[in-house]
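Participant: Structure provided below as structure tokens; questions to follow.
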Amino acid sequence: MKTLKSAVAISAAAAMAFSMAACGARDTGSSSGDQSGAAASADKMSVGIAMPQKTSQNWVEAEDMFKASCEEQGIECTIQFANGGVAEQQNQVAAMIENGVQVLVIGAIDGSQLGTQLKAAKDAGIKVIAYDRLLTNTTDLDYYIAYDNFGVGQLQGKALLEGLEANAGESPWDIELFGGSPDDSNSLKFFGGAMDVLQPKIDDGTLVVKSGQTEFTQVATQGWLPKNAQDRMAALLTSTYQGDAVPDGVLSPNDTLGRAIITAVEQAGKPVPVVTGQDSEDESVTWVTQGKQYSTIFKDTRPLVKATVDLAIQLAKGEAAPKVDGATLDDSQYESMEGNPVKSFLLTPKIVTKDNAADVYKDDSHRMELVNAAK
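Going by mature numbering (1 follows the signal peptide of the UniProt record, and there is no 0), the letters in the sequence shown line up with residues -21 to -1, 1 to 354, in that order.
Below you can see the structure in the form of structure tokens.
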């Protein structure tokens, strides 16, 4: 099955609840117990927001921002995280449908495992937006909204090359590759975008993957868990980089894994290579500013959440051709199933290194504090 053809920042605090008295986000919990009796108000727009596990800072930020944005717009909402896994998310989405939400916003744990729920949503006339992660194995998806994740991977590949050129002497350069979780549809986009940049350099000998592990199935990191990345990096140092040897660079798909990779190298007593990342997590903003982690990606959560809420409002009102400020509408890059292209609103990510961090984060007071403190 071909699901893909090619591949967020802080501060908001408000609370609103979907249940009868107040509206509060929940990390876990059964859909029936948490939402029973909370059917959508006849005169108020209702949105169900299903999030994955809290595995990275951007998901935590998104929760606060969705609550604040929904409150500002007068939207009745429920926000739930499925820290218990796929089955919990399936139950949460089913309960949101039962409670009569008008729009579902889903950041999936595994985008291929919600087909039954999406069919039920369509049958109930509920619009579905895939948030950040594509929903697959379905034709019942209305829109996908995310940063250009293939573009993210391309930026990571370019950053790795630039970092090697600036810090690793003359080529050829030894590198290692890490991918995201195989159950996250974005992981293949990130990896595909990066390899779009790196593969030609591997082919011409500029880059050497010393371990020989170049396929996504060989480099994927199950669950996006930092321990898995740290353990694999430690194993690579033992098996492939004996003595004083160390890779010149490491492609990491996000900041959490990037820091785990750096930790493994430091624990081995070796110099830190050029390491990429993504998400502009607090610790990585500091490390990038200090030069410890070479790069990260800024996918400002604020405009992504705002765009998602704006899109949800338009869909709830029956708008046939919604528009989203700051995003490009694409109907060819992503497919939810073979031959079923998805209308996608894509935002533009930004690469961040020590040299441009202050400029990229100038409108983000929190991250600017981190940059200034790290100088």
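Even glycine gets a Cβ: it sits at the ideal position worked out from N, Cα and C.
Being a predicted model, the structure only gives us computed values, none of them experimental.
Around the Cβ of Ala61, are there at least 16 other Cβ atoms within 10 angstroms (buried) or fewer (exposed)?
Facilitator: Walking along the sequence shown from the start, residue 61 turns up at place 82. If you draw a 10 Å sphere on the C-beta of Ala61, you find 16 or more other C-beta atoms in it, and that means buried.
Participant: Which runs of the beta strand (DSSP E) at least 3 residues long sit entirely within the region 182 to 268? Give them in chain order.
Facilitator: 186 to 188, 228 to 230
Participant: So what's Ser10 in DSSP terms, helix, strand or just coil?
Facilitator: Indexing the sequence shown from 1 puts residue 10 at position 31. Low local confidence applies: a pLDDT of 34 at Ser10 is under 50, so the model's placement there is unreliable, with the coordinate-based value given in what follows. The answer is helix: DSSP assigns Ser10 an H, G or I state.
Participant: For Gly318, which of helix, strand or coil comes out of DSSP?
Facilitator: By one-based count along the sequence shown, residue 318 stands at place 339. Gly318: coil per DSSP, three-state reduction.
Participant: Which residue wins for smallest C-alpha separation from Phe143, given the options Val253, Asp163, Ala99, Val225?
Facilitator: The residue given as residue 143 occupies position 164 in the sequence shown. It should be pointed out that residue 143 corresponds to Leu in this sequence rather than to Phe. Of the listed residues, the one whose Cα sits closest to Leu143 is Val253.
Participant: Determine the contact status of Ala306 and Leu325, defining contact as a CB-CB distance below 7 Å.
Facilitator: Along the sequence shown, read from residue 1 onward, the residue named residue 306 stands at position 327. Along the sequence shown, read from residue 1 onward, the residue named residue 325 stands at position 346. Cβ distance < 7 Å, so Ala306 and Leu325 count as in contact.
Participant: Comparing C-alpha positions only, which one of Leu113, Gln135, Gly132 sits nearest to Ala125?
Facilitator: Stepping through the sequence shown from its first residue, residue 125 is reached at position 146. Selected option, being the one with the closest Cα: Leu113.
Participant: Report the residue from Pro232, Gly248, Ile330 whose alpha carbon sits nearest the alpha carbon of Gly222.
Facilitator: Counting from one through the sequence shown, the residue named residue 222 turns up at place 243. Taking only the C-alpha atoms, the option nearest Gly222 is Gly248.
Participant: Going straight from the alpha carbon of Gln81 to that of Leu290, what length do you get?
Facilitator: Indexing the sequence shown from 1 puts residue 81 at position 102. Indexing the sequence shown from 1 puts residue 290 at position 311. So the alpha carbons of these two residues sit roughly 12 Å apart.
Participant: Go through the region 75 to 136 residue by residue and report every complete run of the alpha helix (DSSP H) that reaches 4 residues or more, in order.
Facilitator: 94 to 102
Participant: Between Gly172 and the rest of its own chain, which residues show a CB-CB distance below 8 Å, the 5 nearest in sequence each way excluded?
Facilitator: Within the sequence shown, residue 172 is the residue found at index 193, counting from 1. Result list for Gly172: Ser(-16), Ala(-15), Asn128, Phe129, Gly130, Val131, Gly132, Gln133, Leu134, Gln135, Gly136, in chain order.
Participant: Just to confirm the assignment, what range does the beta strand (DSSP E) spanning Asp153 have?
Facilitator: For this step, residue 153 is matched to residue 174 along the sequence shown. First-last of the beta strand (DSSP E) with Asp153: 152 to 156.
Participant: Can you find the residues in the same chain that come closer than 7 Å, C-beta to C-beta, to Val198, ignoring five residues on each side of it along the sequence?
Facilitator: Position 219 of the sequence shown, counted from the first residue, corresponds to residue 198. Once the five neighbours on either side are set aside, the close Cβ partners of Val198 are Leu156, Phe157, Gly158, Gln192.
Participant: Is Asp153 closer than 7 Å to Val187 when the C-beta atoms are compared?
Facilitator: One-based indexing of the sequence shown puts residue 187 at position 208. One-based indexing of the sequence shown puts residue 153 at position 174. Contact: yes.
Participant: Starting from Ala286, trace the alpha helix (DSSP H) both ways and give me its first and last residue.
Facilitator: Taking the sequence shown and counting its residues from 1, one reaches residue 286 at position 307. 280 to 295 is the extent of the alpha helix (DSSP H) around Ala286.
Participant: Can you check which of these residues, Ser35, Thr34, Gln59, is closest to Lys46 by C-alpha distance?
Facilitator: Numbered from its first residue, the sequence shown carries residue 46 at position 67. If we check each option's Cα against that of Lys46, Gln59 comes out closest.
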